[in-house]
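Presented below is the structure to which this report refers.
2 protein chains.
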Amino acid sequence: MSQASALRPYELTVLSETFRLLGDPSRLKILLCCSDGPKSVSKIAAELQLSQSLVSHHLRLLRGARLVRGERQSKKVFYEIADKHVSDMLSDMISHIREDRSEH
Amino acid sequence: MSQASALRPYELTVLSETFRLLGDPSRLKILLCCSDGPKSVSKIAAELQLSQSLVSHHLRLLRGARLVRGERQSKKVFYEIADKHVSDMLSDMISHIREDRSEH
DNA sequence: CAAACATATGAATATGTATTCATATGTTAC
DNA sequence: GTAACATATGAATACATATTCATATGTTTG
Chain A
108 MSQASALRPY
118 ELTVLSETFR
128 LLGDPSRLKI
138 LLCCSDGPKS
148 VSKIAAELQL
158 SQSLVSHHLR
168 LLRGARLVRG
178 ERQSKKVFYE
188 IADKHVSDML
198 SDMISHIRED
208 RSEH
Chain B
108 MSQASALRPY
118 ELTVLSETFR
128 LLGDPSRLKI
138 LLCCSDGPKS
148 VSKIAAELQL
158 SQSLVSHHLR
168 LLRGARLVRG
178 ERQSKKVFYE
188 IADKHVSDML
198 SDMISHIRED
208 RSEH
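Chains as they are written, first to last, in the working numbering: chain A, 108 to 211; chain B, 108 to 211.
Have a look at this one:
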């Protein structure tokens, strides 16, 4: 982790902003929810038992950070993980969480 | 990312909690700051131009999540990244941030 | 023990933000 | 156009939390 000091201010901002967005349980659930293929807002809301409004608000933030992208198909808008980097990022973090942290 | 739905509630809590902690710029700086070897609280505060109190408060949260660990040596307490998983986690995220997200 | 230094912590505050509610915008079908 | 459906959005609110200040706790040295 000697790249730490090499982190430029902008990169640090993006990094913490990304972490911050993923740090809310509802938002994280939404992101994970649409990580297995595109899903409409209403479907996400139904699956997660969250209000349509809340899901939409969160999706806007996730969209703003390019973590998801949405595509309109007639009445519905289908959201999915923006790209492979985002899904890899999540997989990696999940792996880290699952590994025991108590060793050195 | 089909492991998403396989995420247990506890894992999701830990995951979002970890993201949340890393989502604050000061806290992220502190974590990165002590990722290249153990550093005392006062040294971290000086390097980052943050108050001693603030650094200590943040370190407590990071410690609580096992992201750092501190060791007392006489008057000073030296903090460092808890283990390799945490530093790998950070490296991975930094790599992802540095890679262009605009492709598929 | 007192003094100086280092860290930790509780309370207070100010700021951010997650959630809800009501409503607007957009889309399709009649 | 109107009605029905789907999503987006602004305002309000309730809640979380980052930061500061003052002070307590712990440690070494005289």
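We treat Cβ as the ideally placed atom computed from N, Cα and C, and that holds for glycine.
- Excluding five sequence positions before and after K146 of chain A, the CB atoms of its chain that fall closer than 8 Å to its own CB belong to C140, E154, F185, Y186, E187, given in chain order.
- Our two residues, T120 of chain B and P132 of chain A, have alpha carbons roughly 7 Å apart in a direct line.
- I188 of chain B has B:V175 as its beta-bridge partners, per DSSP.
- For H165 of chain B, the CB contacts under 7 Å within the same chain, skipping 5 residues up- and downstream, are S133, R134, I137 in chain order.
- In this structure, the CA atom of T125 of chain A is about 24 Å from the CA atom of K150 of chain A.
- S147 of chain B is bridged by DSSP to B:F185.
- Taking a Cβ-Cβ cut-off of 7 Å, K183 of chain A has no neighbours in chain B, whose nearest Cβ is about 21 Å from it.
- Bridge partners of Q180 of chain A according to DSSP: A:K183.
- Take R176 of chain B, set aside five residues on each side of it, and the residues of its chain with a beta-carbon closer than 6 Å to its own are A189, in chain order.
- As the crow flies, the alpha-carbon of D199 of chain A is around 15 Å from that of L129 of chain B.
- In the DSSP annotation of this structure, the continuous segment of the alpha helix (DSSP H) that includes C140 of chain B starts and ends at 132-140.
- Rounded to whole angstroms, S194 of chain B and D143 of chain B show a C-alpha spacing of 10 Å.
- Residue-level contact by beta carbon holds for H192 of chain B and chain A, with a gap shorter than 7 Å.
- Per DSSP, the continuous alpha helix (DSSP H) segment holding L122 of chain A begins and ends at 116-129.
- Chain A has no Cβ within less than 7 Å of the Cβ of E187 of chain B.
- Distance from the CA of S181 of chain B to the CA of L169 of chain B, rounded to the nearest whole angstrom, comes to 22 Å.
- Between L197 of chain B and I201 of chain A the beta-carbon gap is near 15 Å, outside 8 Å, which marks them as no contact.
- Against chain B, the CB of R115 of chain A has no partner CB under 7 Å away; the residue lies outside that interface.
- Between H192 of chain A and E206 of chain B, the C-beta spacing is below 7 Å.
- With 16 or more other Cβ atoms from the protein chains shown falling within 10 Å of its own Cβ, A152 of chain A counts as buried.
- The alpha-carbon of S160 of chain A is positioned some 14 Å away from that of K183 of chain A.
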